[in-house]
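A short write-up of the structure that comes next.
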Amino acid sequence: MKVLVIGSGGREHALVWKLSKSRGIDSIFCIPGNGGIADIAECIDRDINDFEGLISFSKKEGIGLVVVGPENPLAEGIVDAFDKEGIPIFGPVKKGAQIEASKIFAKKLMDKYGVPTAPFKTFQSYDEAERYLTTLSPPYVIKADGLCAGKGAYVIWDKKEGHGVLKDLMINLIYQESGSRVVIEEFLPGVEASYLSFTDGKTTLPMLASQDHKPLLDDDKGPNTGGMGAYTPIPFVDDHMAEIINRDIMDKTIHALRDEGIIYKGVLYGGLMLKENRPYVIEFNARFGDPETQPILFKMESDILPILMACLDGSLNEVNAIKWREGVSVCVVIASRGYPYKPEKGYVINGLDALKDRKDIMVFHAGTKKDGNRYITSGGRVLGVTAMGETYADAIKKAYDAVSCIDFEGMQYRKDIGAKALK
Ligand code: AMP
Ligand code: GLY
């Protein structure tokens, strides 16, 4: 079978890498891909939002499966467009992708079906939202309704700040229409976890829980980013907690969507807060997480292809639980100077050769491109240095030893990925 992966990040490199190990696959294309993906798949430079162009490419090549990485094409209906043409595509239809693309949709769904989440109110009118804010004392959270590349949620610690954020979102429209409607919700203290499950719209097949590190700097300081590192499994989610999450959040949400007339196929990603040993949904994503997918797929032993196909066929209940390599998987993201605001690009990356062909280390590429035999930085998040170790301490040490082999001008990374697991 020929497979097409859509996207260009570390998540997509991990997907292409994992698919390349699959027995049923002859060749892999990636649109647009990156420098690392180019080593194992054919990268094609095309616009991922031009669905007609992607469909004609897929027909010409006889693609048997399309896997979509990022949220934007899902929210714009890429799956509906491919479904119409009868080309198998992994991901939710547009109505399902609303669970990520509209926080108001997601919160109302959770409220209606009793999926645990923070108490909230939604607003379309700035004046009403502003009036409501005056009745609140921080901390609380303001969220833009629409997609904002992971930057639309603000935890407010100071009253004045809250009014400023609301004005920026609803009046100054810093995220255009995405911020014209907002959710204001209660702050939930606790430990964060990412919980990703495959689903065929009827049942869910969970991956291992993982933990992202969203802020740029150590100790969760600095601005939020797409994610500076992740590891799996996490000590905060044991079998009992996973059972509760599967039952009260993942399965319940898939059934709720079904009751609303939406057959949701693909990955459902729960961004969770674990508070007093109970899980609450902070947000849902309609796709694989990035960077979480990098340590998760590096640890996955099962072939991913039959799982993806079963999600499309509606036969996920026939697939066995996923098998995992023993141990801990840790991914440290190396980003460019200036990320997340104005990343510098165009620097040569040194040191990658020394890490090739190691069973316990995989360097997934994100913002890189190839120039002859060299790799050049071309984005904010550049590499996801991923290591398998026997223990948390072992995996973390291996990942950072590998990071120390790599060098490019202005590289920055957090020094405390996985540290919460050691406490
Ligand atoms: P989101 O984009 O919704 O995932 O939010 C970004 C980050 O803001 C999350 O990873 C949390 O750290 C934080 N956050 C969002 N909502 C809440 C909440 N209700 N309580 C506490 N922290 C929150
Ligand atoms: N790691 C956060 C995300 O994928 O949205």
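Taking my numbering, I'd label the letters of the sequence shown as residues -8 to 414. Glycine included, C-beta positions come from ideal geometry on N, C-alpha and C.
With 16 or more other CB atoms across the displayed protein chains lying within 10 angstroms of its CB, K256 is buried. In this structure, P282 has its beta carbon less than 8 Å from a heavy atom of the ligand GLY. If you look at Y271, you'll find it in the beta strand (DSSP E) that goes R269 to N276. When secondary structure is reduced to three states using DSSP, P206 falls in the strand class. Ranked by Cα distance from F355, the options L6, M(-8) and V(-4) are led by L6.
Here L100 has I90, V106, T244, A247, L248 and E251 as same chain residues with Cβ atoms under 8 Å from its own Cβ, once five neighbours each way along the sequence are excluded. Between V(-6) and G27, the alpha-carbon positions lie close to 17 Å from each other. In the three-state DSSP reduction, F20 falls in the strand class (E or B). The three-state secondary structure of T125, taken from DSSP, is coil. E234: not part of any beta strand (DSSP E); member of the alpha helix (DSSP H) spanning D230 to I236, first to last residue.
Here Q285 is buried. Its C-beta has 16 or more other C-beta atoms within 10 Å. Rounded to whole angstroms, the gap between the alpha carbons of S169 and M(-8) is 39 Å. Setting aside the 5 residues that flank it on each side, M264 is surrounded in the same chain by L179, G181, E183, Y271 and I273, each with a C-beta closer than 7 Å to its C-beta; the list follows chain order. Setting aside the 5 residues that flank it on each side, I253 is surrounded in the same chain by K86 and G87, each with a C-beta closer than 6 Å to its C-beta; the list follows chain order. Remark: the shortest separation between the CB of G262 and any heavy atom of the ligand GLY falls under 8 Å.
Per the Cβ contact rule, the segment 12 to 27 is in contact with the segment 295 to 308 (3 or more Cβ pairs under 8 Å).
When C-beta atoms of the segment 157 to 165 are compared with those of the segment 107 to 121, three or more pairs fall below 8 Å, so the two segments count as touching.
In the displayed model, Q403 falls within a strand according to three-state DSSP. Using a cutoff of 8 Å, the CB of P180 counts as near the ligand AMP, since one of the ligand's heavy atoms is closer than that. The DSSP-derived three-state label of V173 is strand. When C-alpha distances from G363 are compared across L296, N237, I287 and I340, the shortest belongs to I340. Secondary structure note for M101: its alpha helix (DSSP H) is the uninterrupted segment K94 to Y104.
Exclusion of D211 from the 8 Å shell around the ligand GLY follows from its C-beta lying no nearer than that to any non-hydrogen atom of the ligand. Comparing alpha-carbon positions, the option among I46, A29, R37 and N276 lying closest to L138 turns out to be N276. Note that the segment 230 to 244 does not touch the segment 346 to 354; fewer than 3 beta-carbon pairs, one per stretch, sit closer than 8 Å. Under the three-state reduction of DSSP output, W8 falls in the helix class. P224 carries a coil assignment under DSSP once its states are collapsed to helix, strand and coil. According to the DSSP assignment, I298 belongs to the alpha helix (DSSP H) that extends over L296 to D304. For L164, there is no enclosing alpha helix (DSSP H), as DSSP marks it with neither H nor E. Boundaries cannot be given for D41, as no beta strand (DSSP E) includes it and DSSP labels it neither H nor E. DSSP places I(-3) inside the beta strand (DSSP E), whose first and last residues are K(-7) to G(-2).
Spatial neighbours of K389 in its own chain (CB-CB distance under 8 Å, excluding positions within 5 residues in sequence) are listed in chain order as V321, D351, I352, A378, M379 and G380.
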